[in-house]
Amino acid sequence: MINSQQNRRTPKSYDRLRDLFFRDIEILLIEDSAVDQVVFCRYVERSQMPFVVTAVGSLAEAREKLANKHFDIIVADYYLPDGVCLELGIIFYEYPVVVMTGGGDEKIAVGVMKAGAKDYLIKGTGSGALKMLPLTLENVLIRHHAEREREELEARADEMQKMESLGRLAGGIAHDFNNILGSIIGYTELAVEDVEEDSITRRNLQEVLIAAQRASHLVEQILAYTRDSAEERVRVDLVEVLDEVMNMLAHSIPKNVEIEIIRQVDYAYVHGNETNLYQVVMNLITNGIQAMEAEGGILKIRMMEIIQGRKPMICVEISDQGCGINRDHLERIFEPFFTTKAPGKGTGMGLAAVQGIVEYHNGRIDVSSQVGVGSVFTLQLPSDLND
Ligand SMILES: Nc1ncnc2c1ncn2[C@@H]1O[C@H](COP(=O)(O)OP(=O)(O)OP(=O)(O)O)[C@@H](O)[C@H]1O
Ligand SMILES: [Mg+2]
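Quick note: the sequence shown uses the working numbering, first residue 215, plus one each step.
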């Protein structure tokens with residue numbers, strides 16, 4: 215007999231499960247005995263477990279249910295009218311499965327564990343199977359969740375390693391490529407001097423120079439992304455960097471774009487590589503301006519100091535009223551070579567370089583965006599506190 219007093223657990227006992235699921239947990243019970251089904255459901259109800267039970271009586275019904283609905287855990291009787299539960303095969307690896315076997319069937323229990331089941335319960339009078347049910351299900355679910363989390367972490371670590379070696383490869387190529395470009399630019403500059411001022415050859419050579427300089431800019435972005443270009447680090451004032459970027463852009467800002475700069479600090483010192491930080495600010499502002507090219511609008515740049523977990527950080531917020539970024543793109547904008555711009559207009563290395571540089575400087579870059587409204591990029595870098 216079930217001692218309901220002893221087994222009644224307060225809902226608080228399932229806090230860990232509730233934290234993991236935020237909803238009722240779906241159990242598929244595969245049990246051909248109608249009586250055992252009722253007993254199981256009643257027990258779950260009485261012990262106030264946050265579970266919803268769907269009961270079926272055969273493997274065929276179980277397969278059908280699993281094809282149409284997601285379950286969090288499966289509890290299966292070993293012997294069923296149309297076979298043994300092991301025939302569910304792959305299900306044992308996709309779901310956490312607890313198998314119920316009859317008393318004296320420990321060998322079977324070992325077999326099902328080898329087949330991928332997460333745990334087993336011995337049925338029958340006096341076995342205490344039901345008493346063990348809450349704890350067993352709780353443990354299995356928590357373990358399964360932890361395993362999944364570990365698998366995801368491992369997959370992410372693999373991905374990071376892949377990106378790192380790709381980055382190293384790209385960095386290596388970019389270095390060699392830079393030297394080649396140096397020769398192309400150098401010799402073309404010499405050749406330009408040697409030909410008539412108004413000649414077609416001179417114009418053609420100037421086109422070569424423009425293209426080579428564009429290639430050189432791309433190489434710089436790749437090097438910044440792979441963090442290979444990070445040379446010396448010094449005390450850099452981001453206020454000055456911003457001024458420099460604005461000077462550089464002064465003649466290329468479209469008429470329909472207005473720039474508003476709000477400086478809440480007189481100085482914004484960070485420790486870093488000046489060329490790289492210039493690249494970050496330049497790339498973010500250029501993107502904002504480009505996003506407003508069609509419709510125009512205001513690009514707001516706000517620079518301030520904030521405290522983040524007791525650490526003072528320099529924060530640069532760049533908001534535009536441009537086209538915005540949809541959700542699918544938002545996940546990819548920091549990927550190297552991801553661009554929505556026409557060929558020749560964008561390389562897709564701008565934000566990848568930004569991210570590489572920001573990480574190297576122990577900072578962070580956040581973005582929020584709404585299609586048709588605009589985007590806000592927030593850059594945070596640790597303040598340089600040395601005088
Ligand atoms: N402020 C913004 N508003 C709307 N979309 C943006 C904004 N900033 C970035 N994006 C999107 O992110 C993509 C990637 O940006 P990223 O700066 O890396 O490359 P790009 O601007 O396309 O090319 P490049 O920077 O080499 O000229 C852009 O193509 C664009 O779709
Ligand atoms: Mg860009």
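Glycine residues also receive a C-beta, built at the ideal position from the N, C-alpha and C atoms. All values derive from a computational prediction rather than experimental measurement.
- Secondary structure of SER430 (DSSP, three-state): helix.
- A straight line joining the alpha-carbon of HIS358 with that of GLY381 spans about 34 Å.
- Closer than 7 Å to some heavy atom of ligand 2: that describes the Cβ of GLY564.
- From the listed residues VAL494, SER533, ASP451, GLU474, the smallest Cα separation to ASP480 is found for ASP451.
- Scanning its chain for C-beta atoms nearer than 8 Å, with the 5 sequence neighbours on each side dropped, one finds around VAL298 the residues TYR292, in chain order.
- 8 Å or more divides the Cβ of VAL433 from the Cβ of THR402.
- Counting C-beta pairs with one atom in each stretch, the stretch 468-477 and the stretch 571-588 have fewer than three that are closer than 8 Å, which means they do not touch.
- Following the DSSP letters along the chain, one finds THR554 in no alpha helix (DSSP H), marked with neither H nor E.
- The beta carbon of SER589 sits closer than 7 Å to at least one heavy atom of ligand 1.
- DSSP links SER272 through a beta bridge to no other residue.
- Taking the Cβ of THR500 as the reference point, at least one heavy atom of ligand 2 falls within a distance shorter than 7 Å.
- Restricted to the stretch 225-306, the alpha helix (DSSP H) segments that are unbroken, complete and at least 4 residues in length are 229-235, 248-260, 273-282, listed in chain order.
- Shown here, GLU519 sits in a strand according to DSSP, grouped into three states.
- Counted as a single uninterrupted DSSP element, the beta strand (DSSP E) harbouring MET527 occupies residues 525-534.
- For the options ASN497, PRO264, ILE322, the alpha carbon positioned closest to that of ASP233 is the one of PRO264.
- In the DSSP assignment, LYS514 forms a beta bridge with GLU474, SER533.
- Counting the other CB atoms within 10 Å of its CB gives PRO526 a total below 16, which places it among the exposed residues.
- Here THR592 carries a strand assignment [DSSP, helix/strand/coil].
- The C-alpha of ASN576 is placed about 16 Å away from the C-alpha of THR489.
- Between ALA426 and LEU404, the C-beta spacing is not below 8 Å.
- Counted as a single uninterrupted DSSP element, the alpha helix (DSSP H) harbouring ARG541 occupies residues 541-544.
- In this structure, ILE571 has its beta carbon at no less than 7 Å from each heavy atom of ligand 1.
- Here DSSP, grouped into helix, strand and coil, assigns THR440 to coil.
- Cβ contact annotation for LYS279 (same chain, cutoff 7 Å, sequence separation greater than five): LEU242, THR268, VAL270, in chain order.
- As computed with DSSP, ARG449 is found in a beta bridge with HIS485.
- Per DSSP, VAL585 lies in no alpha helix (DSSP H) and is assigned neither H nor E.
- In the three-state reduction of the DSSP assignment, LEU335 falls in the strand class, which pools E and B.
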